[in-house]
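Residue numbers (our numbering): 114 to 181.
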């Protein structure tokens, strides 16, 4: 028996949950994790965009320095 299946069996036994209740809880947790991953992806996209802005400004400043 796989470790995950054993864990699910123990959780089901300990809490008295039916397999459907256990599955519903796991689905809820999975959806929560996906939501958190989406939030993290949004934050990473913001950081990436800030990096692009910084590179753009650096290029402008370097070009300005070369003109002066």
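The beta carbon of each residue, even a glycine, is placed where N, CA and C say it ideally should be. Since we're looking at a predicted model, the values are computed, not measured.
**Prompt:** Under the three-state reduction of DSSP, which class applies to residue 167: helix, strand or coil?
**Reply:** Here residue 167 refers to the residue found at position 54 of the chain shown. Correct three-state label for residue 167: helix.
**Message:** Tell me the rounded alpha-carbon separation between residue 164 and residue 174.
**Reply:** As a position in the chain shown, residue 164 is number 51, starting the count at 1. As a position in the chain shown, residue 174 is number 61, starting the count at 1. Using only the alpha carbons, I get a separation of about 15 Å.
**Message:** Measuring straight from C-alpha to C-alpha, what distance separates residue 130 and residue 159?
**Reply:** One-based indexing of the chain shown puts residue 130 at position 17. One-based indexing of the chain shown puts residue 159 at position 46. Approximately 41 Å, taken between the alpha carbons.
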